[in-house]
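Residue numbers (this note's numbering): 18 to 351.
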C-alpha cells in the first residue's frame, strides 16, 4: 500500500477514425497498437489524448518514494538476504569507515574502494564470497561509510578467550563487535568493525536503503551529494532458494520466513519468466486483475498515513532535505 498513489488512466483500443497516431512510451514514440494497454498520467495534454481510445479506466500506481514504498523495498532486501544466509555455514557483517586523512574527495561515497577491498579479499581467501553492501552517509556527520554482509566468509584471526570470540564493543542494541587485523589491512582506508549475522542483522542492514531518502530523496542526491546512497548485491542474490520453491511460492502468493510474511520480491517475479513462462503468464494475469480491480479508499488512506507517521518515529532514520542541508552547512562552516 502506498501513502500517495498516483492517479492515472489506463487506455486501450484506439478509435479507428483517428487513424494511426503515436504515443510516448518508456522506450520511444510508438504507433498505438490495437489491444495493447497504455498508462497515461493525469495531465491536461493526456486528458485530450485519452479521448482517442475506446477503453479508459482510472488506476492507481504506487509512488515508490513514500515510507510505505521504501519499507516494502527494505522488506524485499531483508527477505533475499535471509534466504541467501540459509545457504552458508558462516557469514559476517562489516562496517567500513574512513580515517580523516583517507576521506574521499568532497566527502562523497566511493564504491570503487569497496570493490577493490572485495577483490583483494576474494584473491587472498580463494573463496566464493557473496555480498550485500549498503553505501550511506552518517546521520549526524554525513561521513561516507559502508555496511557489508559477507556470505560464506568469517575472519579467522579474531582473538579468542577460551572458546569465545573476544569482542571489543557492544552496540546499543546488544550486538557484539570484533576486530580483524587482516580485514583492516585489506581495507587500508580506516577502520573495520566485524559483527555476527542473523535475520535481525539482515533486516537492520536492509533498512539503510530507506535511510534519509524520505520525501525529497532526489533533492538530497542532486543538491547535496554528487554520489548517491545505494544498496548493491551479488548476482543471483537469494535466487537459489526461489528456484527450489517457486511453485509453492507462486501458488501462495507470499513467502513466510521466521514467523514473518513477505510479499514476493519483484526480482523473483522477473526471473520467473525465464524459469517457467506459462506459470509467469498466469501469475502476471492474476496481478493485473488485482491492479485493475483496486479501489481507492480515502478512509484507508488516512489510516496508512497515520501508520507512516508511526514508522517515522519507530525507525528514527528518515530525514528531510532541510535537515540534511542544515548539517552540511554546519560542517562546511567549521
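Don't be surprised by glycine CBs; every beta carbon is placed ideally from N, CA and C.
All values reported here derive from a predicted model rather than from experimental measurement.
Taking each of 19, 83, 93 and 111 in turn and checking the Cα distance to residue 281, the smallest one comes out for 93.
For residue 207, the closest of 57, 161 and 255 by C-alpha to C-alpha distance is 161. Residue 49 holds the alpha-carbon nearest to the alpha-carbon of residue 35 among 49, 266 and 248. Annotation: residue 319 to residue 159 spans about 34 Å, alpha carbon to alpha carbon. DSSP lists 154 as the beta-bridge partner residues of residue 161. With a beta-carbon spacing of about 25 Å, residue 32 and residue 77 fall beyond the 8 Å limit used to define contacts. Inter-segment contact for the segment 172-187 and the segment 119-126 is absent: fewer than three beta-carbon pairs are separated by less than 8 Å. Within the segment 242-297, the complete alpha helix (DSSP H) segments at least 4 residues long are 256-269 and 283-292, listed from N- to C-terminus. Look at residue 218 here: in three-state DSSP terms it is helix. A straight-line Cα-Cα distance of about 13 Å links residue 129 and residue 205. Assigned with DSSP and collapsed to three states, residue 121 falls in coil, not helix or strand.
In this structure, the beta-carbon distance from residue 152 to residue 246 falls below 8 Å. Residues 127 of the same chain have their beta carbon placed closer than 6 Å to that of residue 121, with the five preceding and five following residues left out of the count. Relative to the Cα of residue 61, the nearest Cα in the group 26, 218, 321 and 289 belongs to 26.
Under the DSSP assignment, residue 70 falls in the beta strand (DSSP E) whose first and last residues are 70-78.
In the assembly as shown, residue 212 is a buried residue. Its beta-carbon has 16 or more other beta-carbons within 10 Å. Residue 249 and residue 91 have their C-alpha atoms roughly 12 Å apart. DSSP places residue 210 in the strand class (E or B) of the three-state scheme. Under the three-state reduction of DSSP output, residue 299 falls in the helix class. Contact between residue 146 and residue 168 is confirmed by a C-beta separation of about 7 Å, below the 8 Å threshold. In the three-state scheme derived from DSSP, where H, G and I count as helix and E and B as strand, residue 172 is classed as coil.
Around the beta carbon of residue 101, 16 or more other beta carbons lie within 10 angstroms, which makes this residue buried.
A direct Cα-Cα distance of roughly 31 Å separates residue 311 from residue 99.
Per the coordinates, the alpha-carbon of residue 56 lies some 48 Å from the alpha-carbon of residue 209. In the three-state reduction of the DSSP assignment, residue 31 falls in the strand class.
Taking every protein chain shown into account, the CB of residue 150 has 16 or more other CB atoms within 10 angstroms, so this residue is buried. With respect to the 8 Å criterion, residue 74 and residue 304 are not classified as neighbours on the basis of their beta carbons. Just so you know, the alpha carbons of residue 301 and residue 275 end up roughly 27 Å apart.
Between the segment 284-303 and the segment 253-264, the count of C-beta pairs closer than 8 Å reaches three or more; the two stretches touch.
DSSP links residue 108 through a beta bridge to 168. Under a 10 Å Cβ-count criterion, residue 89 is classified as buried, with 16 or more other Cβ atoms of the shown protein chains found around its own Cβ. Boundaries for residue 65: no beta strand (DSSP E) harbours it, while the alpha helix (DSSP H) harbouring it runs 61-66, taken from the DSSP string. Boundaries of the alpha helix (DSSP H) harbouring residue 84: 84-102, taken from the DSSP string. Only buried fits residue 19, as 16 or more other CB atoms lie within 10 angstroms of its CB. For residue 312, there is no enclosing beta strand (DSSP E), as DSSP marks it with neither H nor E.
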